[in-house]
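Shown next, in structure tokens, is the structure this report addresses.
Chains as they are written, first to last, in my numbering: chain A, 1 to 424; chain B, 1 to 424.
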């Protein structure tokens, strides 16, 4: 059952005790719990909608923006979709117990490296109440106890969702305390959660820069920060220009507010005269604001000239997250790579090329989580990568780089079996 | 060539530039560089001994302990041994480029997850000058640029060693700046190094608690702290008592000052009457100070009674790192597991048992990097595990758990190849 009255520390200690039991709970029980959660969400929809209506009302009184209210709002259809995602997670392979390596050592010891849960994962998130269930389902499937800390604006919705999930899970044998929500959305609770060294094994923040900075200042337990994405599409001299145009349009416009959307287009000087007039017109027609360097402006052609803005230095470093694109011309793959390694955030970077050597250089030299050859940056996503759901996307290099799925919510353990072996 | 005059920041920026080139340098060149380093160490032994003699002299004047002076001292034989280790590292498989996963996605995209270097690894270490070469060789083999920061007491030795390694490596095609030593062993240089966000990808401290705490206070770049080890041997009811005795003696006495030595012996009550008198006498005869609980004292027998001390509460949490052992009696495997999970540091834990169910419970429920069944904890070591050399041992759960070898000095990158794929 979800805890809403205990202190943050007590909640975390209960989660740790639950985690130690949960690590040994077999997949059948975890999957039955996920199925029970999905069913309970549907069965108890009126209860959820009632709590959500009170959050919405308070949100309107507090003057939340329409966008925030939309994130906060649950509907029967949205709840059904959340339940569907829980069933999708149940259908994934269990990462726990997967043997990831091992051998018989020369002395006869049998060494096995096996995947095991991290233990207690804390997820700190902002308005969207669906994260309560998504994150709980991913942690449960990967054998981790979860401590949730949502925002105060969704407190009633989150409390009901966490209670429903906790009750459904414990009813089929998941240890009590495996799914908890800490009460209080304040900075003090955040600091208490972020300093549970030896109890909380990982904190994953899902929210904006303010939340990240608040955590950076106080956290003593490990944090994986969700990525920002300053992503590039580079159109090489030998690119198929139709493919290049489709990829640029997709990477920029298909969903501009997400971290794997493109923010800068780089074009090789040899392709620029044919490509730029066409591409810039298409982008403009798609509603994209274009901030261009001098060479781009020269080659853009008269049809779009009036619609171009001059790129400022900071535009090359900006994650616009809206229909704005910086555009520049380069003289080589190497120059494109250097630009990307200097300005990019190491998220997702694409080359469009017909040249094997260019592709090979780009793949190797670009320092990013995901490098694309002749494909849109928009594919960086746990679902697209066949990992099922994801709890975020990492641009850090340690532990997890790229989508954070079930495996990335685990650590490993060496099991070494002998016959009385001692070291000489 | 090693940098000893530039600022820490400049050194790190040069290392980053070198790292980007080094990531694409093939194994043949890296192995040739390692061979060249090994040869140069032998060829230039007089130069190394001369610098080391000056460090030793300064150390004696500064009143360093005999133990510290021994760590600091290099001899012709020690230099030859260091060169041998470099050749051993050259003989290991290159982790860079290893494909660790991948598949053809349903939409036809080819997804490949490939191992790539971290980039710039900083190693901060205390007196032992051999770390200069060991760490440089491991980083070079794994395609990482290294920034070394040793202690001031070994400054002359470290400078010569880093210069020799850097010169030998660049002579065969390793980028300049791949092996650097920062001058100045002060806290300011440490803080400057530990805050190179976006430039230094990982700091590995090799030293005592003082060094760790100094880093914890200032580091903004990721740190993997070398482990402390409060390791246990649990002798189960069904243990082969001869094997149990051999394992306990080995785990405690074979090299008591290291992190994988045992600090606590737990004995099942059913085995205790037969095992304890014999084991305690053998441990005492091996020079081990015994700190025991009440039940152990009762069962120990007259022959050792006079040699037993009462265990204090803090003894169960202490990494003695010397010939001292806490000893307790438990009533079940579950009680042993609970004790270990409460008091252990998650390093290396052993059960001695003849019972399959007990072994299985212990393997699963103990939360540690390495769990042993019928073997000594002393095997936790990159060399013993077939990983070749190691740069330390991790008890943290993220990124690397257990020995940190060449693979753990890497991250991964997704390479995604398509035919103009866009996301719908």
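Beta carbons are placed, not taken as given, at the ideal position from N, Cα and C, and that holds for glycine.
Own chain residues within Cβ distance below 6 Å of residue i, not counting five before or after
| i | result |
| --- | --- |
| residue 256 (chain A) | 322 and 323 |
| residue 170 (chain A) | 176 |
| residue 128 (chain A) | 71 |
| residue 417 (chain A) | 110 |
| residue 331 (chain B) | 269 |
| residue 399 (chain B) | none |
One or two residues paired with residue i in a DSSP bridge
| i | result |
| --- | --- |
| residue 180 (chain B) | B:147 |
| residue 101 (chain A) | A:113 |
| residue 410 (chain B) | B:117 |
| residue 230 (chain A) | According to DSSP, which records beta bridges pairwise, residue 230 (chain A) is partnered with nothing at all. |
| residue 289 (chain B) | B:324 |
| residue 402 (chain B) | B:394 |
Residue-chain proximity (residue i, chain A), Cβ-Cβ < 9 Å
| i | result |
| --- | --- |
| residue 343 (chain B) | no |
| residue 376 (chain B) | yes |
| residue 259 (chain B) | no |
| residue 225 (chain B) | no |
| residue 385 (chain B) | yes |
| residue 429 (chain B) | Outside the displayed range of chain B (1 to 424) lies residue 429 (chain B), so it cannot be described from this structure. |
| residue 254 (chain B) | yes |
| residue 379 (chain B) | yes |
| residue 230 (chain B) | no |
| residue 352 (chain B) | yes |
| residue 472 (chain B) | For chain B, the structure presents residues 1 to 424; residue 472 (chain B) sits outside this window and is missing. |
| residue 11 (chain B) | no |
Element boundaries [beta strand (DSSP E), containing residue i]
| i | result |
| --- | --- |
| residue 206 (chain A) | 202–206 |
| residue 249 (chain B) | That residue, residue 249 (chain B), is in no beta strand (DSSP E); its alpha helix (DSSP H) goes 241–253. |
| residue 310 (chain B) | 308–310 |
| residue 374 (chain A) | 370–375 |
| residue 329 (chain B) | 324–330 |
Chain A residues whose Cβ lies nearer than 8 Å to that of residue i
| i | result |
| --- | --- |
| residue 363 (chain B) | 415 |
| residue 423 (chain B) | 250, 254, 376, 378, 379 and 384 |
| residue 20 (chain B) | 341, 365 and 367 |
Cβ shell of residue i (< 7 Å), same chain only, five flanking positions each side left out
| i | result |
| --- | --- |
| residue 83 (chain A) | 38, 41 and 42 |
| residue 239 (chain A) | 271, 352, 353 and 354 |
| residue 357 (chain A) | none |
| residue 279 (chain A) | 245 and 248 |
| residue 254 (chain B) | 378 |
| residue 103 (chain B) | 111 |
Proximal residues of chain B, C-beta to C-beta of residue i below 7 Å
| i | result |
| --- | --- |
| residue 370 (chain A) | 414 and 416 |
| residue 201 (chain A) | 397 |
| residue 109 (chain A) | 375 and 379 |
| residue 24 (chain A) | 364 and 365 |
Where residue i meets chain A, residues with beta-carbon distance less than 7 Å
| i | result |
| --- | --- |
| residue 420 (chain B) | 240, 243, 246, 247 and 374 |
| residue 278 (chain B) | Correct list: empty, because the minimum Cβ distance to chain A is about 16 Å. |
Residue span of the alpha helix (DSSP H) that contains residue i, given as start and end
| i | result |
| --- | --- |
| residue 285 (chain A) | 272–285 |
| residue 426 (chain B) | Nothing about residue 426 (chain B) can be read from this structure; chain B reaches only from 1 to 424. |
| residue 339 (chain A) | 333–343 |
| residue 157 (chain A) | 155–171 |
| residue 139 (chain B) | 130–141 |
| residue 82 (chain B) | 76–90 |
| residue 360 (chain B) | 356–365 |
| residue 352 (chain B) | Segment 348–352 is the beta strand (DSSP E) holding residue 352 (chain B); no alpha helix (DSSP H) there. |
Beta carbon proximity, residue i to chain B, threshold 9 Å
| i | result |
| --- | --- |
| residue 103 (chain A) | yes |
| residue 355 (chain A) | no |
| residue 3 (chain A) | In this prediction, residue 3 (chain A) has a pLDDT of 43, which is less than 50 and means its spatial position is unreliable; what the coordinates show is noted afterwards. No, no contact with chain B. |
| residue 359 (chain A) | yes |
| residue 222 (chain A) | yes |
Partner residues on chain B for residue i, Cβ-Cβ distance less than 8 Å
| i | result |
| --- | --- |
| residue 411 (chain A) | 397, 398 and 401 |
| residue 119 (chain A) | 367 and 397 |
| residue 95 (chain A) | Result: empty, since nearest Cβ-Cβ is about 13 Å, beyond 8 Å. |
Cross-chain neighbours of residue i in chain B, by beta carbon under 9 Å
| i | result |
| --- | --- |
| residue 78 (chain A) | Chain B residues near residue 78 (chain A): none, gap ~22 Å exceeds 9 Å. |
| residue 15 (chain A) | Simply none; closest approach about 14 Å. |
Contact set between residue i and chain A, taken where Cβ atoms lie within less than 9 Å
| i | result |
| --- | --- |
| residue 173 (chain B) | By Cβ distance, chain A contributes nothing, its closest Cβ being about 17 Å from residue 173 (chain B), past 9 Å. |
| residue 205 (chain B) | What residue 205 (chain B) touches in chain A: nothing, since even the nearest Cβ is about 15 Å away. |
Contacts around residue i, its chain only, beta-carbon distance under 8 Å, and the 5 residues preceding and following it disregarded
| i | result |
| --- | --- |
| residue 319 (chain B) | 228, 229, 230, 259, 263 and 345 |
Interface flag, residue i vs chain E, CB-CB below 9 Å
| i | result |
| --- | --- |
| residue 229 (chain B) | Absent from the structure: chain E. Protein chains present are A and B. |
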